[in-house]
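Trainee:
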Amino acid sequence: MSDLARKRTLADWVVNTKRQVVKLLAVVKWARDADDVQRAMNITAFLMNQNRQFDDVVKALDASKETLKAARLRNHDLLTSLDVLTTGTYQRLPLAIKENFIPPKPFTNDQVERTMTDFEDLIRYRLRMDEIVPIEMSSYTVADGRVSFHVPNLFHASVCLRGARPDDGWFFVGVEFDLTVSGDITATQEFPRAPPGPLKQMITDEADGRLGLYIPKPVDPNIPPDQVPPQPELAPGTVDAPLSRLYNYLQMMSLSYQLEILCYQAIRLRSLGWADYLKVEMSQDRKTLTATYWVRKPPSGPQRQSYQAARNPVPLEGGKLIISIEPTEPREPLLAKMALRGRTPSDSVESFGLSVKWEPAANAWAVPTPPTHISLSVNSQALDFEALLMTALRAHAQSIVHSLHFALAQFRAMAAPGVVETRENALVLRFCGEDAAVVASLDLRTGRLGMREETDLVGRVTRLVSACDMINNNPAVFVHAVALLRTSTILEDAEQKANSLGLQHFRYRNFAKEDMLKFGQDLHGLLYIRLALFQSYYLVVVVGDVAFRFATITTKTQPEGDAPRMQIADLGWVDAERVRPGAVTANRFLLDTELLKELYAYCCARVSYTTIETQLRNRGIPYAYARPGAVAAAPALEHAQFSRAVPVLCVHAADILAGVPAAEAAMANIQITPLHWWGERACQVVTSVKLKYVQPPVAPSTNTPTPLPTPGRAAQPRAPRVKPPPPRMMRPSESIVYDTQEAVVSFVSANVDTCVEEFLDQWARVSRMVVIAREVTTMAKEREWTDVRLLAFDLQTVEFAYATGYAVTISCTDDLLAIALPAAGERSYGLRFRALPSAASVSGENPHADMRELLEKRMSAAGVRALVETLRGSLPVVLELEALRREEEGKDAVVDALCKGVSWFRVLYSGRHALDVRLQDDRAMLLDGAHHLSPAEGAGAGDADARWLRPIPAFREMLLDAAPTLGAAGRVALLDAGLVCERGAVREALRALHRRVRASLAGSV
């Protein structure tokens, strides 16, 4: 496109856009008041309708008045006279009055249902025994007093019987075309699936006429007998087939409807910028749609004379796409013949379909186009003319591109491998390297050739535009025009590629001559690209004799005088063939942006691996390299396409997890993989561990309270709630990713320099949680505790129900020092308690929350099994203490409940007396708080409050009084200052003794 044409196009676009914006502004302002205007119009229409009804009523009353003026009573008959004389009133009305004024008695629901059922049975009988149903309409449904036929990709039609007699015919109910319009939404609005108003009436009338073609019609008595049209009659020996005629008609209507939609889409496409290059024609019988694409204007002036004088002129069109309604092979003719059962139908089934034919013009673009066979068909479920056209255009353009490629390959200068490449609808002409490539592509809309420089160099735009104009005016000069474009330039400097990638680069560094010799003898130039994530490392692009070479160097600065000198501490060559095979070609300097980007990322990965290897060597951990894919990859992590060129580090679990808790939970090999070395984000390290035994993660669920059964009524069973399966990938924290199917835990470290230490820290936490979750599940099965179940598990916390209605959450709270050096301190855990909706707690809270610190110490010292046993054993006591505390609220006497230990509880009365509850194994001891269990506890040795406590008065008598009442709850043994009972009876015993002590102390006061 010339500069003047481009400016004119831009000006036209600005004017049209301005008009559209003004229209949109007007519509928006109107839409602001549209609701109010519509509401006022609705009110006006309602009032006008009401006035019209009033006028109709007045006119009807006036007409009745005028009619009744001439009314006369009928003569008295004998029966009416007798009725009046004997009963004093009329006993019957004339039949005319009954029929006109007394409504008939409506059918009951049962009668209606029975009638509909009988009618549907009659329809089924007719379809199976009498009617000839085309094989295409064999899929039908009988319901609601009608039969609905479904012909896939054509229509849904409903018909009904006119009556129950054998000679009663069918009548048409409705139709819906089985199609879906894709592409432009306006076609959906213009062509709905169900035909609207007039079209529906036309289809109904025509369908009823075809269904009742051979049914005698009533004769109009006003027509003379000699003018009555003859009735169609069946041929001798034939059976009427109304459904076949209906199918033939609706099939043609559906196909015509689809063809009209495609025609509408084609015309609509012309209005969207295709008008000058696309011509659409419809045949007179509306059965063939022809679209001619790549239409060119005939040349004028001298070009027209040369065009006409040419031996084989280039056609002015690219080709045609023809869509027509054509006969097709019948569907399953053998089954259709068997369905006739020896009968001869009056009408046979006709099979039609939409056929798509593509006819490319011969000698298009002045090159022989090889025959291309593509499968084009109309899908009624996705009617899209543009998609059909674009498929043909792509095939035609690709065929032309291949022909042009073959024509260019005949020249020796362009025949070298890689100079001319074929892309989709385009040719890539690499004259002197990657960055000097020219892309010549065919515009699918116009069929014109366009050229552009991949690097968008401004200096070559004018030459490319001139070449395109020359080729488009006369496609026969394509090869000559391409030869003029070939230049003898060399590869664009690698510094320009680095600038396009935003990399920091230097052409010179202050290295000594000895360091420069490390790059080899064939050294012509260097480009130092600093790694952004590692400031002391560089990717060096070495320009050699025949190709590029690449290296990674580590630098350090040595102060020497006023100007510090840099020194190469380490140099490693980078094999570009390993990153991308065939990237470096002899005698051709091909360095594209993607290759440089991949080399940069590869060097970042190489430096990351060096940093990780240093940490492993410092810890004395052996490691080995493995090919990507030989070990399980880190989940949910995207690598570049060349990531398989980068190996992965593998270490043995016995080496890296030596001395770390729960090392036995990991499989033998552990994979260490750096990430994000290919991008601009900070580099990360992922350490993947496959677990030996896996407790499947459980997502937290909302527990719904179970309603209590009403007295005298059985509890209604509730439908089991199906838990959704856990997701494939879980990320409980930013640093942990868990693959639930592969049982792989990936630990993400944001710092490459400390990734090993961070992994050991995270592993200690996760492994403990895995072991605890497994222990809970195993313990519930071994002890047959049905109320112990795992509620939530996300590798960092474990939540489980230890009793009905009560749950605890365990998390690891060890600091980094405690995990790295287990001897420095014991394991520490954090506990959180909550009550489930079905809990028996009065306050709705978990009473164990007050014992959190004591239970955390118990968990850290004895483990999860001891914790669960302690929680289950102390639950009756803490529940009773909570109830006592609620009971005593607001009373004068001070009664308090304390927790002295995980198995030691105390009820304190006014600070002077106490009732202790001590738990051990399956037994519980209730005794006077002032009494010491052993001489060592004398003088408050084990209890700081014991010296202030006084013995409970008459406590022995209270024990004797309460013992008989506790016999039913379990075995009870009396002591001098207390009693021992089974753990199941501790709640009843505590309540019984508390009431007696409370009453005794209240009486003494």
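Each residue of the sequence shown is one higher than the one before, starting from 1 at the first, in the UniProt record's numbering. Cβ atoms here follow ideal geometry from the backbone N, Cα and C, with glycine treated the same way.
Name, in chain order, the residues that DSSP records as bridge partners for Q920.
Mentor: Counting from one through the sequence shown, the residue named residue 920 turns up at place 920. According to DSSP, which records beta bridges pairwise, Q920 is partnered with R923.
Trainee: Check whether the segment 232-244 and the segment 351-361 are in contact - that is, three or more C-beta pairs closer than 8 angstroms.
Mentor: no
Trainee: Are P242 and L211 closer than 8 angstroms when you measure CB to CB?
Mentor: For the purposes of this step, residue 242 is taken as the residue at position 242 of the sequence shown. For the purposes of this step, residue 211 is taken as the residue at position 211 of the sequence shown. Yes, the pair counts as a contact, with Cβ atoms nearer than the cut-off.
Trainee: Is G209 helix, strand or coil when you go by DSSP?
Mentor: Within the sequence shown, the letter at position 209 stands for residue 209. G209: helix per DSSP, three-state reduction.
Trainee: Mapping DSSP to helix, strand and coil, what is W13?
Mentor: Working through the sequence shown from its first residue, we reach residue 13 at position 13. Here W13 sits in helix by DSSP.
Trainee: For S746, list the residues DSSP reports as bridge partners.
Mentor: By 1-based counting over the sequence shown, the position of residue 746 is 746. Answer by DSSP bridge pairing, in chain order: S688, V737.
Trainee: Are the beta-carbon atoms belonging to L316 and V295 less than 8 angstroms from one another?
Mentor: As a working note, residue 316 is residue 316 in the sequence shown. As a working note, residue 295 is residue 295 in the sequence shown. Result yes, Cβ atoms of L316 and V295 sit closer than 8 angstroms.
Trainee: Looking only at C-alpha atoms, which of G174, R8, D184, L657 sits nearest to F149?
Mentor: For the purposes of this step, residue 149 is taken as residue 149 along the sequence shown, with counting starting at 1. The candidate whose alpha carbon is nearest that of F149 is G174.
Trainee: Relative to the C-alpha of S536, which residue among F550, R549, H505, L649 is closest?
Mentor: Residue numbering aside, residue 536 sits at position 536 when the sequence shown is read from its first letter. Per the Cα distances, H505.
Trainee: I'd like to check one pair, Y247 with M137: are the Cβ atoms closer than 8 angstroms?
Mentor: If you number the sequence shown from 1, residue 137 lands on position 137. If you number the sequence shown from 1, residue 247 lands on position 247. Yes, these two residues count as a Cβ contact at 8 angstroms.
Trainee: If you reduce the DSSP assignment to three classes, tell me which class L199 lands in.
Mentor: Along the sequence shown, read from residue 1 onward, the residue named residue 199 stands at position 199. In the three-state DSSP reduction, L199 falls in the helix class (H, G or I).
Trainee: T813 by DSSP, collapsed to three states: which one?
Mentor: Position 813 of the sequence shown, counted from the start, is the residue given in the question as residue 813. Here T813 sits in coil by DSSP.
Trainee: Assign D896 to one of three DSSP states: helix, strand, or coil.
Mentor: Here residue 896 refers to the residue found at position 896 when the sequence shown is read from its first residue. Reduced to three states, the DSSP call for D896 is strand.
Trainee: Return the CA-CA distance between R286 and F155, expressed in angstroms with no decimal places.
Mentor: For this step, residue 286 is matched to residue 286 along the sequence shown. For this step, residue 155 is matched to residue 155 along the sequence shown. Cα to Cα, the separation comes out at about 20 angstroms.
Trainee: Would you please state the rounded distance, in angstroms, between the beta carbons of A773 and L791? I believe it to be under 8 angstroms.
Mentor: As a first step, residue 773 must be located in the sequence shown, where it is residue number 773. As a first step, residue 791 must be located in the sequence shown, where it is residue number 791. At roughly 11 angstroms, the Cβ-Cβ gap does not stay under 8 angstroms, so A773 and L791 are not in contact.
Trainee: The beta strand (DSSP E) with M92 in it runs from where to where?
Mentor: Locating residue 92 in the sequence shown gives position 92, counting from the first residue. A small correction: the amino acid at residue 92 is Arg; Met does not occupy that position in the sequence shown. It is not in any beta strand (DSSP E) - R92 carries neither H nor E in the DSSP assignment.
Trainee: At the level of alpha carbons, what is the spacing between A5 and N425?
Mentor: For the purposes of this step, residue 5 is taken as residue 5 along the sequence shown, with counting starting at 1. For the purposes of this step, residue 425 is taken as residue 425 along the sequence shown, with counting starting at 1. Their Cα atoms are separated by approximately 25 angstroms.
Trainee: With a threshold of 16 other CB atoms inside 10 Å of the CB of D36, please say whether the residue is buried or exposed.
Mentor: Position 36 of the sequence shown, counted from the start, is the residue given in the question as residue 36. Exposed.
Trainee: Could you give the residue range of the beta strand (DSSP E) that holds L831?
Mentor: Sequence index remark: in the sequence shown, residue 831 carries index 831 (1-based). 829-835 is the extent of the beta strand (DSSP E) around L831.
Trainee: Have a look at V756 and L898 and give me their C-alpha separation to the nearest angstrom.
Mentor: Within the sequence shown, residue 756 is the residue found at index 756, counting from 1. Within the sequence shown, residue 898 is the residue found at index 898, counting from 1. Taken atom to atom, the span from the alpha-carbon of V756 to that of L898 is near 46 angstroms.
Trainee: Spatial neighbours of D167 within its chain, please: C-beta separation below 8 angstroms, excluding the five flanking residues on both sides.
Mentor: To locate residue 167, count along the sequence shown from 1; it is residue 167. For D167, the CB contacts under 8 angstroms within the same chain, skipping 5 residues up- and downstream, are I215 in chain order.
Trainee: Go ahead and pull the three-state DSSP assignment for Y602.
Mentor: One-based indexing of the sequence shown puts residue 602 at position 602. Three-state result, Y602: helix.
Trainee: Using a 10 Å radius around the Cβ and a threshold of 16 neighbouring Cβ atoms, would you call M202 buried or exposed?
Mentor: Here residue 202 corresponds to residue number 202 of the sequence shown, with the count starting at 1. Classification of M202: exposed, given that the 10 Å Cβ count is below 16.
Trainee: If you check the beta carbons only, do V752 and V648 fall under 8 angstroms apart?
Mentor: Translated into the one-based positions of the sequence shown, residue 752 becomes position 752. Translated into the one-based positions of the sequence shown, residue 648 becomes position 648. Result no, Cβ atoms of V752 and V648 do not sit closer than 8 angstroms.
Trainee: Can you say whether S746 is buried or exposed, counting buried as having 16 or more other CB atoms within 10 angstroms of its CB?
Mentor: By one-based count along the sequence shown, residue 746 stands at place 746. Result: buried.
Trainee: From P635 to G830, what distance separates their C-alpha atoms?
Mentor: The count along the sequence shown starts at 1 and reaches residue 635 at position 635. The count along the sequence shown starts at 1 and reaches residue 830 at position 830. At P635 the pLDDT is 41, less than 50, meaning the model places this residue with poor confidence and gives no usable figure here.
Trainee: Are the segment 386-399 and the segment 336-343 touching, with three or more C-beta to C-beta distances below 8 angstroms?
Mentor: no
Trainee: Closest to R509 by C-alpha separation, out of V766, L79, S733, T557, would be which residue?
Mentor: Along the sequence shown, read from residue 1 onward, the residue named residue 509 stands at position 509. The residue with the shortest Cα to Cα distance from R509 is T557.
Trainee: Starting from E120, trace the alpha helix (DSSP H) in both directions and tell me its first and last residue.
Mentor: Residue numbering aside, residue 120 sits at position 120 when the sequence shown is read from its first letter. Unbroken alpha helix (DSSP H) run through E120: 109-125.
Trainee: Within 8 angstroms of any Cβ in chain D, is that where the Cβ of P192 sits?
Mentor: Given the protein chain composition of this structure (a single chain), no chain D is represented.
Trainee: Taking DSSP's pairing of strands, which residues face M451 in a bridge?
Mentor: Counted from its first residue, the sequence shown places residue 451 at position 451. In the DSSP output, where bridge partners are listed per residue, M451 has A440.
Trainee: Using three-state DSSP, classify E880 as helix, strand or coil.
Mentor: Walking along the sequence shown from the start, residue 880 turns up at place 880. Three-state result, E880: helix.
Trainee: Let me know the secondary structure DSSP gives Q558 once reduced to three states.
Mentor: Within the sequence shown, numbered from 1, the residue matching residue 558 stands at position 558. The three-state reading of DSSP puts Q558 in strand, counting E and B together.
Trainee: Using a Cβ-Cβ cut-off of 8 angstroms (strictly less than) and excluding sequence neighbours within five positions of R923, which residues of its own chain qualify?
Mentor: Here residue 923 refers to the residue found at position 923 of the sequence shown. By the criterion of a C-beta distance shorter than 8 angstroms, R923 is surrounded in its chain by V980, C981, E982, R983, once the five residues flanking it on both sides are discounted.
Trainee: Specify the secondary structure class of P225 as computed by DSSP and reduced to three states.
Mentor: If you number the sequence shown from 1, residue 225 lands on position 225. The answer is helix: DSSP assigns P225 an H, G or I state.
Trainee: On a CA-only basis, which of R865, N846, R998 is nearest D896? Give me that one, please.
Mentor: For the purposes of this step, residue 896 is identified with residue 896 of the sequence shown, where counting begins at 1. The candidate whose alpha carbon is nearest that of D896 is R998.
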